[in-house]
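> FYI, the numbering for the sequence shown is 931 to 1146, going by this note's numbering.
Where is the CB? At the ideal position from N, CA and C, for every residue including glycine.
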Amino acid sequence: MPSPGRSGAHEDPAAALGAAAELLAALHAHGQDGASPAVSTSQMRALIAVEGAEGINLRALGAVLGSRPPSVTRLCDRLEAVGLLTRSPHPSSRREVELRLTPRGRALLEEQRVIRARAFSAVLARMAPEAVDALVTGLEAFREAAGGVAPPAGPPADTAEGPGEAAGPAPGSGSALDSDAALGSGPALGAGPAEGAAAPGGAGPVGTPARIADTA
931 MPSPGRSGAH EDPAAALGAA AELLAALHAH GQDGASPAVS TSQMRALIAV EGAEGINLRA
991 LGAVLGSRPP SVTRLCDRLE AVGLLTRSPH PSSRREVELR LTPRGRALLE EQRVIRARAF
1051 SAVLARMAPE AVDALVTGLE AFREAAGGVA PPAGPPADTA EGPGEAAGPA PGSGSALDSD
1111 AALGSGPALG AGPAEGAAAP GGAGPVGTPA RIADTA
């Protein structure tokens, strides 16, 4: 129900925020066209989770992604195969492995963040300075408020990129709107060509590069 006293576009702040989140996802998906190798949403979330908790094990990573151990193992197999992730024996438990990013994995995350910042800067440059200030103030207040709201727990997914993928943000994300956790997905390697997200500013759709498959 709209809040009393509000009018126009601000009658439903939640709807406006949802529309902004969809736009952010589109900007992310468009920006990923320049990254190599192209990775899926769940693969990117896994890399971010490992970055934030070096040495995390498969069980803990599965809890972050909302995925079952076999799915997480397959996902890590693919990330390791392309040189983004390494697995090593746990020093005190032979039954566990530790996950760490490779230099190439860190470089990929940095590349994604540069692409993201470039896309956001292009939009912010078209806004009035006072509107940018108001946006930053509002986002800071939203992030602070969201920090005290626990995300709902979702059931484990049968695959690393399935219904359970949206179980919650990666560590350090703060909210579902965190840009690292909202990176757009694309077709897995071998899935065939597909159309990507529309480019910012009304440009036509762009092709999305093939991505590393999450499942066998």
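Helix or strand or just coil, what does DSSP make of residue 1016?
The residue labelled residue 1016 in the question sits at position 86 within the sequence shown. Correct three-state label for residue 1016: strand.
> Three Cβ pairs or more, each shorter than 8 Å: is that satisfied between the stretch 979-991 and the stretch 1023-1039?
Because the criterion of three Cβ pairs below 8 Å is met, the stretch 979-991 and the stretch 1023-1039 touch.
> Label residue 1044 either buried or exposed according to how many other C-beta atoms from any shown protein chain fall within 10 Å of its C-beta, with 16 as the threshold for buried.
One-based indexing of the sequence shown puts residue 1044 at position 114. Exposed: under 16 other Cβ atoms inside 10 Å.
> What is the DSSP secondary structure of residue 969, reduced to helix, strand or coil?
Within the sequence shown, numbered from 1, the residue matching residue 969 stands at position 39. In the structure shown, residue 969 sits in coil (DSSP, three-state: anything other than H, G, I, E or B).
> Which residue from 1037, 977, 1013 and 988 puts its Cα closest to that of residue 1003?
Numbered from 1 along the sequence shown, position 73 holds the residue referred to as residue 1003. Among 1037, 977, 1013 and 988, the Cα nearest to that of residue 1003 is on 988.
> With 16 as the cutoff for other CB atoms within 10 Å, does residue 1023 come out buried or exposed?
For the purposes of this step, residue 1023 is identified with residue 93 of the sequence shown, where counting begins at 1. Exposed, because fewer than 16 other Cβ atoms sit within 10 Å of the Cβ of residue 1023.
> Taking the continuous beta strand (DSSP E) assigned at residue 1056, which residues delimit it?
Residue mapping note: residue 1056 aligns to position 126 of the sequence shown, counting from 1. Careful: residue 1056 lies outside any beta strand (DSSP E) and carries neither H nor E.
> Is residue 1038 near residue 1014, with beta carbons less than 8 Å apart?
Taking the first residue of the sequence shown as position 1, residue 1038 is located at position 108. Taking the first residue of the sequence shown as position 1, residue 1014 is located at position 84. For residue 1038 and residue 1014, yes; Cβs fall inside 8 Å.
> Inspect the beta-carbon positions of residue 973 and residue 1009 and report whether they are closer than 8 Å.
Locating residue 973 in the sequence shown gives position 43, counting from the first residue. Locating residue 1009 in the sequence shown gives position 79, counting from the first residue. Going by C-beta atoms, residue 973 is nearer than 8 Å to residue 1009.
> Please go through the stretch 974-1051 and give each complete alpha helix (DSSP H) segment of 4 or more residues, from N-terminal end onward.
Whole alpha helix (DSSP H) segments, 4+ residues: 988-995 and 999-1011.
> List the whole-angstrom C-beta distance separating residue 1035 from residue 977, where the pair is believed to meet the contact cut-off of C-beta under 8 Å.
Position 105 of the sequence shown, counting from 1, holds the residue named residue 1035. Position 47 of the sequence shown, counting from 1, holds the residue named residue 977. Going by Cβ atoms, the distance from residue 1035 to residue 977 rounds to 6 Å, so yes, they are a contact pair.
> Out of curiosity, what's the CA-to-CA distance linking residue 1001 and residue 975?
Walking along the sequence shown from the start, residue 1001 turns up at place 71. Walking along the sequence shown from the start, residue 975 turns up at place 45. So the alpha carbons of these two residues sit roughly 14 Å apart.
> Would DSSP call residue 1063 helix, strand or coil?
Here residue 1063 refers to the residue found at position 133 of the sequence shown. The answer is helix: DSSP assigns residue 1063 an H, G or I state.
> Grouping DSSP H, G and I as helix and E and B as strand, with all else coil, what is residue 948?
The residue given as residue 948 occupies position 18 in the sequence shown. If DSSP states are grouped into helix, strand and coil, residue 948 belongs with the helices.
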